[in-house]
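Undergrad:
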Amino acid sequence: MYLPRKNAFIYNFYSWYINYIINKNFRDFTHTKISITNDEAVLLLANRFSWWDGYILFQLNKRVFKKKFHVLVTAEDYQKTKYLKYFGAFAPEAKGKDLLETLTYAGQLLDDPQNLVLIFPQGKIRSMHVNQIAFEKGIMQVLNASQKKFQTVFAVTLV
Numbered sequence: 005m006y007l008p009r010k011n012a013f014i015y016n017f018y019s020w021y022i023n024y025i026i027n028k029n030f031r032d033f034t035h036t037k038i039s040i041t042n043d044e045a046v047l048l049l050a051n052r053f054s055w056w057d058g059y060i061l062f063q064l065n066k067r068v069f070k071k072k073f074h075v076l077v078t079a080e081d082y083q084k085t086k087y088l089k090y091f092g093a094f095a096p097e098a099k100g101k102d103l104l105e106t107l108t109y110a111g112q113l114l115d116d117p118q119n120l121v122l123i124f125p126q127g128k129i130r131s132m133h134v135n136q137i138a139f140e141k142g143i144m145q146v147l148n149a150s151q152k153k154f155q156t157v158f159a160v161t162l163v
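Below is the structure:
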């Protein structure tokens, strides 16, 4: 499994940069106000329609949830976009046992109330105009690996 890494300089720079590019490229950044308790982690399930998704949801976490950000990505994205690992990105190296270990890791992250775990259950980029969102297998593995004391939030990103 590819694990997240820590580097305060890279995190702070890209955190600033993400805020900058969102403000530069979007006229508005709005969200529905929801009630969140601080004593539980957040499982954020979101649609995946563009490369903006992760950045927008990272920014949402900074503004609303204020939790330690983690995101399950593909091994291809983890390797291609090197700085993702400094934003809490983790990925399976292979299918099979490593994939199960990665999903278990995601579930265990939800046991810490300071964490937010972002998962794109569609698995890959899809049009935001689809009538149904099909979840890939594995989300139950995440739930079963946790102590089930977290809040689930469904996020839909539209532009």
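Numbered per this note's numbering, the sequence shown spans residues 5 to 163. Here a beta-carbon is modelled for each residue, glycine too, at the ideal position from N, C-alpha and C. The model shown is predicted, which means the values in this text are computed figures rather than measured ones.
Give the secondary structure of L194 by DSSP, where H, G and I count as helix, E and B as strand, and everything else as coil.
TA: Missing from the structure shown is residue 194; the chain here goes from 5 to 163 and no further.
Undergrad: Taking only runs of the alpha helix (DSSP H) that begin and end inside the region 62 to 102, which ones reach a length of at least 4 residues, in chain order?
TA: 79 to 84
Undergrad: Counting along the chain, where does the beta strand (DSSP E) carrying N119 start and finish?
TA: N119 to I123
Undergrad: Which residue or residues does DSSP assign as beta-bridge partners of Y59?
TA: Y59 pairs with nothing; no bridge assigned.
Undergrad: If you follow the alpha helix (DSSP H) that Q145 is in, where does it begin and where does it stop?
TA: Counting along the chain, the alpha helix (DSSP H) containing Q145 begins and ends at I143 to A149.
Undergrad: Around the Cβ of D43, are there at least 16 other Cβ atoms within 10 angstroms (buried) or fewer (exposed)?
TA: D43 should be labelled exposed.
Undergrad: Residue range of the beta strand (DSSP E) that F184 falls in?
TA: Lying outside 5 to 163, the shown extent of the chain, residue 184 is not represented and no answer is given.
Undergrad: In the DSSP assignment, the beta strand (DSSP E) including V46 goes from what residue to what residue?
TA: A45 to A50
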